Amino acid sequence: MHTIIVSNLAKSFGTVQAVADVSFTVSPGEIFGLLGPNGAGKTTTLRLMMDIFKPDAGEIAIFGGDLTLDKKRRIGYLPEERGLYKEEKLETTLLYLAQLKGVDEKTARQRLGEWLERLDLAEQRQQKIQTLSKGMQQKAQIIATLLHDPDLIIIDEPFSGLDPVNTRLVKQIFEEQRAAGKTIIMSTHQMHQVEALCNRIVLINRGRSVLYGLVNEIKRNFAGNAIVLEGQGDFSQVPGVLDVRQHNGTWEMGLQVGTDPQAVLQQLLTQPDNRITRFELAEPSLDDIFVQVVGRSNQ
Amino acid sequence: MNTFWLVAKHEYRRMVLRRAFVLTTLLIPVGMAAVIGLAFLVGASAADKRPLGYVDHTQQLDITLWQNQPDADVELRPFSNEATAQTALENGDIQAFFVLPASYPNPRQTDLYFLEDPPNGDTWGAFDDFVRLNYVDTLDPALRQQLLDGPAVVVRDLDSGRTFSSASIINIILPFVATFIFFIATMSASGYMIQVVADEKENRTMEIMLTSLSPFQLIGGKTVGLLGVALTQLGIYGLTLVVGLLVARPYVLELQTAVIPWVYLGIMALFFLPAFALIAGIMVAIGSIVPNLQQGQQVAGLLNFLFILPIFLLAIIIENPSAPLAVAFTLFPTTAFLTVSLRWGLGSVPLWQLGTSWVILVLTAVFAVWAAARIFRIGMLQYGQPLSWKTAVAALHNS
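Protein chains in written order, with this note's numbering: chain A, 6 to 304; chain B, 77 to 475.
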């Protein structure tokens, strides 16, 4: 059963169509990427899912139906506009937020101790939040998202403000949550993080889903018209190749439309002076795909 | 614990533990006690404790009657003629002396001699009591006591059956005390609510909160928490007042005979809760619409005026507690609390007005909290941008 089903979602604010037609599903045990340029409708989609806004059209099913207060307690949400009570102590605030999610104080206190230790905030537990650095506040937000042990984790730019060490730690935490069967939706602009973490993605542009599926499949689908080659020989004149670039011993070849990469490989092997040590379809980065798809859909 | 009460408890602790709250809560009663104490000390030290002399040419006054009075706290000293009395006055042995001519009480006229300042009211009154005591001494004891106590006027209201007498001074004092307390509570509550909304805006916690509880739970819990804060503040003020009254009781005869008007206090408690909820609701809505704390406080100041308007029209209400304006204020939700308090203390309020006023107040308060929760929800998601009145009304309509 899907944890989330979003079907043909639409929402406008006055004359602004924030979300026009967005659909996707998310299942337990996966990290799902919600991607899109600024103003694409990602945050509005998340707010619609969290029942902060009501949709104009479309349907949202969370844990098999409408979002009730009980179901909200099973969700950990790290919103785009985030904040904590700055004048309060870290421990007081996090305990309060966990109790609002239905965790009793004793359990919350016990879990909080473990999370503070893990995220290296134990010494700051009695400090006012406004005295913490931006990175520490971000880690505190992540604790607030996870302290009540949610089944569904919705995180908007989770690595914002974190140094590489803490970014790695937080990625590890999300991997563990996925391994534990939790459902994670992540919205971010950091494509390398999406590539590293997400199983599937949906790309939203101008309020519409323009790309949706498994990350590997998407990359494969965009990989058909280029190859990467390593070896010895003259690879500059190969039939069917549109352009050739070489750097650090690696050749990147753009193929003409309709050229079969297998035919190119056979052609290369027929030349006795050529020694091929690596031949693979060039997979574009998600970053490239993002730019390409968004550019195309804007035309 | 229920989420609603969790929010209330958290809000209460958050506000009560603030240094500003502790200071304002303690400083007001301490300051008032200090001022009253100082005034009492100054008054006590300035009072002339020297005897009051008199020359009785009627030969009718018996000083032993005065000396046998248990509450005779002013010493009276007889002189045989004006010359000896004047000598005592000039020597500073007495503060002043009266001379009763032989014809007294026809006419009822005496002469008073003093050097710089006349005797104070208590001393003067003591001499009046002494003279009166002598003239009624031969009468029947019951009649004598009645004459000494003076007339006891009791006003009975035909509608409610309530009685008012000069002995029940507490009836007169309480409406003004309640007015003061409500004034403080109104100012505090509106200030706190605006602050709470500003905190939520500034800290950008709205989305996290809205995914944990409903806007009504959030606003309702905060309102109850702040009600607790206001009641704590009022409790401390009330306790100070009770202690003050207990201290003053031995010295003020009216306080000894005063009866606590429980019905009045009960009615005021019934009106206070919805009145507080109404203030809180309005302030939350205002705080959600305006972009910052400063503008919120300005608008709140104007709206507070709607709640304390009866104070400015006190003279009209006192002169005629059943005037059309007083009735209108009784029925209008924002002015209901103070008007009912003043009218009930000074006269009576017909039951239909009381009931209608309470129902209107409760309905308005419920609507205010309901509307506030919705406007708050929309306003918080604007993140620092002002919410237009049109959007606020649309938020209510769409809900």
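Backbone N, C-alpha and C fix where the C-beta goes; we use that ideal spot for every residue, glycine too.
All values derive from a computational prediction rather than experimental measurement.
On the three-state DSSP scale, how would you describe residue i?
| i | result |
| --- | --- |
| N210 of chain A | strand |
| V425 of chain B | coil |
| Y130 of chain B | strand |
| D293 of chain A | helix |
| N13 of chain A | strand |
| A148 of chain B | coil |
| E283 of chain B | helix |
| E3 of chain A | With chain A running from 6 to 304 in the structure shown, residue 3 of chain A is simply not present. |
| E35 of chain A | coil |
| R419 of chain B | helix |
| D109 of chain A | coil |
| V269 of chain A | helix |
| T30 of chain A | strand |
| R301 of chain A | helix |
| L234 of chain A | strand |
| H197 of chain A | helix |
| S138 of chain A | coil |
At 8 Å on the CB atoms, spell out the chain A contacts of residue i, in chain order.
| i | result |
| --- | --- |
| S288 of chain B | K77, R78, L102, L105 and K106 |
| L82 of chain B | Y101, Q104 and L105 |
How would you list, in chain order, the residues of chain B whose beta-carbon sits under 9 Å from the beta-carbon of residue i?
| i | result |
| --- | --- |
| F149 of chain A | According to the sequence displayed, residue 149 of chain A carries Ala and not Phe. Residues of chain B passing the Cβ test: I284. |
| L74 of chain A | T79, S288, L289, S290 and Q293 |
Count the other CB atoms within 10 Å of the CB of residue i; is the residue buried (16 or more) or exposed (fewer)?
| i | result |
| --- | --- |
| F256 of chain B | exposed |
| L152 of chain A | buried |
| E479 of chain B | No statement about residue 479 of chain B is possible, as the shown extent of chain B runs from 77 to 475 and does not include it. |
| G81 of chain A | buried |
| N380 of chain B | buried |
| T275 of chain A | exposed |
| H252 of chain A | exposed |
| G455 of chain B | buried |
| N144 of chain B | exposed |
| K111 of chain A | exposed |
| P146 of chain B | exposed |
| Q142 of chain A | buried |
| R453 of chain B | buried |
| Q221 of chain B | exposed |
| D56 of chain A | buried |
| A345 of chain B | exposed |
| A356 of chain B | buried |
For a contact defined as C-beta to C-beta under 7 Å, what are the partners of residue i on chain A?
| i | result |
| --- | --- |
| A79 of chain B | In the sequence as presented, Ala is not what sits at residue 79 of chain B; that position holds Thr. Ordered by position in chain A, the residues that pass the 7 Å Cβ test against T79 of chain B are L105. |
Can you tell which of the options has its C-alpha closest to the C-alpha of residue i?
| i | options | result |
| --- | --- | --- |
| N221 of chain A | A:Q115, A:G186, A:E200 and A:D248 | A:E200 |
| K466 of chain B | B:I365, B:I393 and B:T432 | B:I365 |
| V319 of chain B | B:A109, B:R95 and B:A441 | B:A109 |
| I223 of chain A | A:D292, A:A25 and A:Q261 | A:D292 |
| Y180 of chain B | B:F155, B:A159, B:V207 and B:G201 | B:V207 |
| W256 of chain A | A:Q242, A:T264, A:V262 and A:Q267 | A:Q242 |
| E92 of chain A | A:I36, A:L137, A:V269 and A:N204 | A:L137 |
| P42 of chain A | A:L174, A:R211 and A:H197 | A:R211 |
| E276 of chain B | B:L369, B:A96 and B:F443 | B:L369 |
| T262 of chain B | B:L382, B:T214, B:V106 and B:V435 | B:L382 |
| Q332 of chain B | B:L322, B:V339 and B:L341 | B:L322 |
| L354 of chain B | B:T411, B:L307 and B:V339 | B:T411 |
| R87 of chain A | B:L437, B:E278, B:V403 and B:A441 | B:E278 |
| G198 of chain B | B:K125, B:V272, B:D169 and B:L224 | Before going further, note that residue 198 of chain B is Asp rather than Gly in the sequence given. Out of B:K125, B:V272, B:D169 and B:L224, B:K125 has the C-alpha closest to the C-alpha of D198 of chain B. |
| A285 of chain B | A:G263, A:V24, A:E64 and A:L83 | This sequence places Met at residue 285 of chain B; Ala is not what is there. The residue with the shortest Cα to Cα distance from M285 of chain B is A:L83. |
| T134 of chain B | B:V438, B:P183, B:P105 and B:V469 | B:P183 |
| T100 of chain B | B:P227, B:L378 and B:V305 | B:V305 |
| A287 of chain A | A:V298, A:P266 and A:Q104 | A:P266 |
| G63 of chain A | A:G254, A:R280, A:V11 and A:R301 | A:V11 |
| V31 of chain A | A:M54, A:S302, A:L234 and A:T188 | A:T188 |
| L188 of chain B | B:Y130, B:V230 and B:G201 | B:Y130 |
| R225 of chain A | A:E285, A:H194 and A:C203 | A:E285 |
| I281 of chain A | A:V296, A:L234 and A:S302 | A:L234 |
Give me the chain B residues within the contact set of residue i, using Cβ-Cβ distance strictly less than 8 Å, ordered along the chain.
| i | result |
| --- | --- |
| Y82 of chain A | E283, I284 and T287 |
| K91 of chain A | E278 and N279 |
Given a limit of 8 Å on CB to CB distance, which residues of the stretch 269 to 302 of chain B reach chain A? D275, E278, N279, R280, T281, M282, E283, I284, M285, L286, T287, S288, L289 and S290
Report the residues of the stretch 43 to 59 of chain A with a CB closer than 7 Å to any CB of chain B, ordered along the chain. M55 and I57
Identify each residue in the stretch 89 to 105 of chain B for which the Cβ-Cβ distance to at least one residue of chain A is less than 9 Å, and report them in chain order. R89, R90 and R94
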